[in-house]
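Quick notes on the structure that follows.
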Ligand code: IPD
Ligand code: CA
Ligand code: CA
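In the working numbering, the protein residues as written are 172 to 426.
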């Protein structure tokens, strides 16, 4: 494992401990609201602080882009952090959420760690080195018949454009074996990287929702693009991903 992945793993496991401890008594967890349908708990904040502490100890000059504490630093190495992706699930005791840490170097995501503290599963990838769950190689599915495919979707709760979302959902649902919305973009992307989902469509998300999971999918043999079929722009938050033969058909469905 690349040394930077080792450090990110240590950070993710430290966050996982905090999250698991908090999950044992959810009634005690204080929940705040950042906006409509956008929640933050003290576990998000404590987990993020623990991640940043580990990363900063190893790489004091690197920049940080973290969901709860924002952007700091001027380096071309940027750690993109979501301490709990799936906060609403976490608050409800719905066991689908994960810690997401990616390292972007000069604009390109190079390393990714996703830690699912519920199942103690560690997903890792470095660009050009493949994707792994608990050190075992993972690959995207080979399905190419859309009517056999399970498709994951993510979009912000209370989406600004409900008609567009609804049209997309109807189209995906009508042309596949089913649509799944887990409430955690990064868990959907790990499912795609493992071949449990066959395709994934996200819109209106944030860089920390997508960065680590996108690299996992790419290193598992998948392709990820924007809705236009061009490279993903993390700052725009839209992503369509699948195996290379399936992707053009999914892009048509969401056009
Ligand atoms: C959320 C999840 C969800 C997506 C939301 C995100 P959070 O992240 O990724 O799948 O639909 O738009 O905000 O807030 O739980 O870190
Ligand atoms: Ca998130
Ligand atoms: Ca989050």
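Note that beta-carbon positions come from the ideal geometry of N, C-alpha and C, so glycine has one too.
With fewer than 16 other Cβ atoms inside 10 Å of its own Cβ, residue 263 counts as exposed.
At a cut-off of 8 Å, the beta-carbon of residue 236 does not count as near ligand 2: no heavy atom of the ligand is closer than that. Rounded to whole angstroms, the separation of the alpha carbons of residue 292 and residue 184 is 10 Å. At least one heavy atom of ligand 3 is found less than 8 Å from the C-beta of residue 379. For the options 201, 223, 391, 424, the alpha carbon positioned closest to that of residue 243 is the one of 223. Taking a cut-off of 8 Å on C-beta distances, the segment 298-310 does not touch the segment 213-221, as fewer than three cross pairs fall below it. Judged by DSSP in its simplified three-state form, residue 423 adopts helix. One thing to note: residue 323 has its Cβ within 9 Å of the Cβ of residue 363.
For the 9 Å CB-CB criterion, residue 365 and residue 408 do not form a contact. Inclusion of residue 258 in the 8 Å shell around ligand 1 follows from its C-beta lying nearer than that to a non-hydrogen atom of the ligand.
If you look at residue 281, you'll find it in the beta strand (DSSP E) that goes 279-287. The residues 310, 311, in chain order, have a CB closer than 6 Å to that of residue 392 in the same chain once the five nearest residues on each side in sequence are set aside. In chain order, 357, 360 place their CB closer than 6 Å to the CB of residue 384, counting only its own chain and leaving out the 5 sequence neighbours on each side. A distance criterion of 8 Å places the beta-carbon of residue 215 in contact range of ligand 3, judged by its closest non-hydrogen atom.
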